[in-house]
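Some notes on the structure that comes next.
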Amino acid sequence: MIQAIAFYLFATVVTLSAAMTITARNPVHSVLWLILAFFNAAGLMVLAGAEFIAMLLVIVYVGAVAVLFLFVVMMLDIDFAELRAGFVRYAMFGLAVALVLLAEVVIGIGAWSAGGVELSSRVAPTDAGAALGSLPNIKAMGTLLYTRYLYIFEAAGFILLVAMVGAIVLTHRQRTGVIKQNVARQINRRSEDAIRKVNQPVGQGVEL
Amino acid sequence: MDYAANLAMVLPEIVLSLGGLVLLMVSAWGGRSVSRGVSWVSVAVLMGAGIALIGPASAGGIAFDGLYNADLFAAFAKVLIFFAAAVSIVIAPRFFARTSGEDLRPEYPVLVLFSTAGMGMMVSANDLLTLYVGLELQSLSAYVLASFMRRDVRSAEAGLKYFILGSLASGILLYGISLVYGFSGTTIFGDIATAYAGAEGSTKIGLLFGLVFVFAGLAFKMSAVPFHMWTPDVYEGAPTPVTAFFASAPKVAALALSVRVAIEAMGPATGDWRQIVIFAALASIVLGAVAAINQQNIKRLLAYSSINNVGFALIGLAAGTAEGVAGVLTYMTIYIVMTLGSFLVVLQMRDEHGQPVETIASLSGLSRRRPALAAALAIFMFSLAGIPPLFGFWAKFAVFEAAVKADLVALAAIGIAASTIGAYYYLKIVKTMYFDAPAPAYGKSDSALEGGLIAAAALFVSPLGYLLIPVLGAWSLAAARTLF
Numbered sequence: 001m002i003q004a005i006a007f008y009l010f011a012t013v014v015t016l017s018a019a020m021t022i023t024a025r026n027p028v029h030s031v032l033w034l035i036l037a038f039f040n041a042a043g044l045m046v047l048a049g050a051e052f053i054a055m056l057l058v059i060v061y062v063g064a065v066a067v068l069f070l071f072v073v074m075m076l077d078i079d080f081a082e083l084r085a086g087f088v089r090y091a092m093f094g095l096a097v098a099l100v101l102l103a104e105v106v107i108g109i110g111a112w113s114a115g116g117v118e119l120s121s122r123v124a125p126t127d128a129g130a131a132l133g134s135l136p137n138i139k140a141m142g143t144l145l146y147t148r149y150l151y152i153f154e155a156a157g158f159i160l161l162v163a164m165v166g167a168i169v170l171t172h173r174q175r176t177g178v179i180k181q182n183v184a185r186q187i188n189r190r191s192e193d194a195i196r197k198v199n200q201p202v203g204q205g206v207e208l
Numbered sequence: 001m002d003y004a005a006n007l008a009m010v011l012p013e014i015v016l017s018l019g020g021l022v023l024l025m026v027s028a029w030g031g032r033s034v035s036r037g038v039s040w041v042s043v044a045v046l047m048g049a050g051i052a053l054i055g056p057a058s059a060g061g062i063a064f065d066g067l068y069n070a071d072l073f074a075a076f077a078k079v080l081i082f083f084a085a086a087v088s089i090v091i092a093p094r095f096f097a098r099t100s101g102e103d104l105r106p107e108y109p110v111l112v113l114f115s116t117a118g119m120g121m122m123v124s125a126n127d128l129l130t131l132y133v134g135l136e137l138q139s140l141s142a143y144v145l146a147s148f149m150r151r152d153v154r155s156a157e158a159g160l161k162y163f164i165l166g167s168l169a170s171g172i173l174l175y176g177i178s179l180v181y182g183f184s185g186t187t188i189f190g191d192i193a194t195a196y197a198g199a200e201g202s203t204k205i206g207l208l209f210g211l212v213f214v215f216a217g218l219a220f221k222m223s224a225v226p227f228h229m230w231t232p233d234v235y236e237g238a239p240t241p242v243t244a245f246f247a248s249a250p251k252v253a254a255l256a257l258s259v260r261v262a263i264e265a266m267g268p269a270t271g272d273w274r275q276i277v278i279f280a281a282l283a284s285i286v287l288g289a290v291a292a293i294n295q296q297n298i299k300r301l302l303a304y305s306s307i308n309n310v311g312f313a314l315i316g317l318a319a320g321t322a323e324g325v326a327g328v329l330t331y332m333t334i335y336i337v338m339t340l341g342s343f344l345v346v347l348q349m350r351d352e353h354g355q356p357v358e359t360i361a362s363l364s365g366l367s368r369r370r371p372a373l374a375a376a377l378a379i380f381m382f383s384l385a386g387i388p389p390l391f392g393f394w395a396k397f398a399v400f401e402a403a404v405k406a407d408l409v410a411l412a413a414i415g416i417a418a419s420t421i422g423a424y425y426y427l428k429i430v431k432t433m434y435f436d437a438p439a440p441a442y443g444k445s446d447s448a449l450e451g452g453l454i455a456a457a458a459l460f461v462s463p464l465g466y467l468l469i470p471v472l473g474a475w476s477l478a479a480a481r482t483l484f
């Protein structure tokens, strides 16, 4: 009972906030609605027993992607009114794409229920798989990643490192003539070093 | 799972990655002043990785529950890869010092090390995941290396082009991998072979679709026709030491990987992939020969030459036998020496101010200005053309012999006919060097090291190379037999 209530709550909010995402006039509001949609989708994933995906949704999509969107929307001066201007012109095209997608879903479900293609159902075929059956899926995934797939996992880390090194190599420039603040020197500077008292005789030039 | 035993088998990659990490730290703190030091230590790391191949890394068998295969075949390919990587590190500092604008930054050898670690993963892959991750590690480093001279427009263009087309190819490869996984239920090569052997009906069709996409993705990585379009542009735009690297090490890795996938994972479907390989081989040979004729830039010409040579190596794979695979290994061994030698000569092509020149016309009369250099380039060109007294002939002979033994006489005949077309443009360079009026003044040789490397490469492909046949033949055959 409580699950059904939670499901309908999350599902309703996801649908509504998704609708608000595309109808909101202010793009910043759109992104905020999107974040709400992500949070509720994460709730749905928890209900489905996929807590790993729920966490990914919150951490990756809300934490990184949505914030990135927000930055882009706020920092770039995009004229959203102009982007929307062609709505009527492209409505037919959009409708056609929507129909194609719908047809694909229907055909896909039809093919699935007909059972013509025997897709294999084994995922990560391993002897440990049976033992992992009762584990929560974060633990199960961690166990696989850090034992069986350790080698590839480490290599994937190297790929990310290379991507980072590459980005720095291609864009970093050593700038010359930049004045840097040295806090220690600032604090160590005393008034005696900087200020000189002069008893200036009248009628003579000032020594600078 | 016994980690110590597993780690001993992947020791070469561990040496490369840890060495790369340490050198990355050194170069991050040291800046440009440590470039040369980092380069030399990188060469030492590559040698260390080569030494690490002795022992379990070349005879250990399967590691990490079937992800990794440390056999003699992988070790053979890795020796070639490490050697080519070391040469392309050694020749870099001088090139970057000569070309105005950019000094060598110490990230160059580090990225080559990471790329080499990726190639080690590729040739040892026993699982589609290892294959893909290794390939990406190699490619991502290569994209950065291609645009390493970031102020040079052509270099930036080469990097961008390589990145976009390479990503597309990775996507195609991944699509194929997901199809193979979906229809076989496994990513381990041996189990995939079982799935291919037992497949029938719609599952068989799905697996064949996967096979086509996997081969399309791999063909891009080794620049076989019809997935070669990026090669001339990238090879022309990238800095010359990087081009030398691209034309040698990743090519060996991609070919060895394709051989492994074809034989170990898709062996039962030999009849199906053989059609693809035969088409790619013939198309590469013919296009590589014909399209090169009108090229004015020596790097573009060598790019087409590399496409042409991949075609010949694929003839050995098309045979699908241990002799054929041994032919591929022999071919690649001789090919990388010829190609690295040619690129070393290209590095020596400079006007009197020390600026690099790349047009073929600038080679005119080289025989009078620098006779030794001209003789070396002539040897490489004759060898690439496969003219008998030189070692390049033996490479072609090995793959053709395997093809004839596998009843692919027509393939061998067309290949030989097309190689005569290819001989035309190789000979044209020799003619330009020896019979044309001398071009403007030419820079003097300024590096004993490069001169020595050129001389060693020329000696290797000279008829003296035939003395190596017993050793090379025995090793490549032993390496090839581990796949069957």
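Those protein sequences? They're chains G and C, same order as listed. Under UniProt numbering, the first sequence is numbered contiguously, ending at residue 208. Under UniProt numbering, the second sequence is numbered contiguously, ending at residue 484. Virtual Cβ for every residue (Gly too), placed ideally from N, Cα, C.
Per DSSP, the beta-bridge partners of C:D351 are C:Y442.
If you look at C:G61, you'll find it in the beta strand (DSSP E) that goes G61 to A63.
Sequence-ordered contacts of the segment 135-156 of chain C with chain G read E136, L137, L140, S141, Y143, V144, S147, F148 and R150 [C-beta pairs closer than 8 Å].
Of all residues in the segment 118-132 of chain C, the ones placed with a Cβ closer than 7 Å to any Cβ belonging to chain G are M121, L129 and T130, in chain order. Only buried fits C:W230, as 16 or more other CB atoms lie within 10 angstroms of its CB. Within the segment 155-186 of chain G, the residues whose Cβ lies closer than 9 Å to some Cβ of chain C are A155, A156, F158, I159, L161, V162, A163, V165, G166, A167, I168, V169, L170, T171 and Q174, listed in chain order. Residues of the segment 219-242 of chain C whose Cβ lies closer than 9 Å to any Cβ of chain G: none.
The DSSP-derived three-state label of G:I179 is coil. By the neighbour-count criterion, in which a residue is buried when 16 or more other Cβ atoms sit within 10 angstroms of its Cβ, C:T203 is buried. A residue is called buried when at least 16 other Cβ atoms come within 10 angstroms of its Cβ; C:F148 meets this threshold and is buried. Runs of the alpha helix (DSSP H) lying entirely within the segment 217-264 of chain C and spanning at least 4 residues, in chain order: 230-237 and 240-260.
Using a Cβ distance threshold of 8 Å, C:A70 and C:S58 count as a contacting pair. If you draw a 10 Å sphere on the C-beta of G:V100, you find fewer than 16 other C-beta atoms in it, and that means exposed. Residue-level contact by beta carbon fails for G:Y146 and chain C, as no gap is shorter than 8 Å. Nearest in C-alpha terms to C:G237, of all of C:A479, C:V144 and C:R481, is C:V144. Within the model, the alpha-carbon separation for G:V106 versus G:A98 is close to 12 Å. Not a single CB atom of chain C sits nearer than 8 Å to the CB of G:I109. When the beta-carbon positions are compared, C:M349 and C:V357 come within less than 8 Å of each other. Between the segment 255-273 of chain C and the segment 214-224 of chain C there are three or more inter-stretch CB-CB distances shorter than 8 Å, so the stretches are counted as touching.
Contact annotation: the segment 149-159 of chain C does not touch the segment 174-193 of chain C, with fewer than three C-beta pairs closer than 8 Å. Chain-order list of chain G residues neighbouring C:D407: empty, with the shortest C-beta distance near 35 Å, by a criterion of under 8 Å. Residues of chain G with a Cβ closer than 8 Å to the Cβ of C:F209 do not exist, since the nearest Cβ in that chain sits about 12 Å away. In this structure, DSSP gives C:I188 an extended state, which the three-state scheme calls strand. C:R105 reaches chain G at V169, counting residues in chain order whose Cβ is nearer than 7 Å. Going by C-alpha positions, C:N126 is about 33 Å away from G:I168.
Under the 8 Å criterion on CB atoms, C:Y162 is classed as non-interfacial with respect to chain G.
Within the segment 356-435 of chain C, not a single complete beta strand (DSSP E) segment reaches 3 residues in length.
When C:A269, C:D351 and C:N309 are compared, the shortest CA-CA separation from C:G206 is found for C:A269. At a cut-off of 8 Å between C-beta atoms, C:L111 counts as an interface residue with respect to chain G.
Counting along the chain, no beta strand (DSSP E) covers G:N26, and no H or E run does either.
The Cβ atoms of C:R105 and C:R32 sit closer than 8 Å to each other. At the C-beta level, G:V65 and G:P27 stay beyond 8 Å of one another. The beta carbon of C:N297 is closer than 8 Å to those of E236, E358, T359 and I360 in its chain, skipping five residues each way along the sequence. In the three-state reduction of the DSSP assignment, G:D193 falls in the helix class, which pools H, G and I.
Per DSSP, the unbroken beta strand (DSSP E) holding C:A70 starts and ends at Y68 to A70.
Taking CB atoms only, C:D71 has no neighbour in chain G less than 8 Å away.
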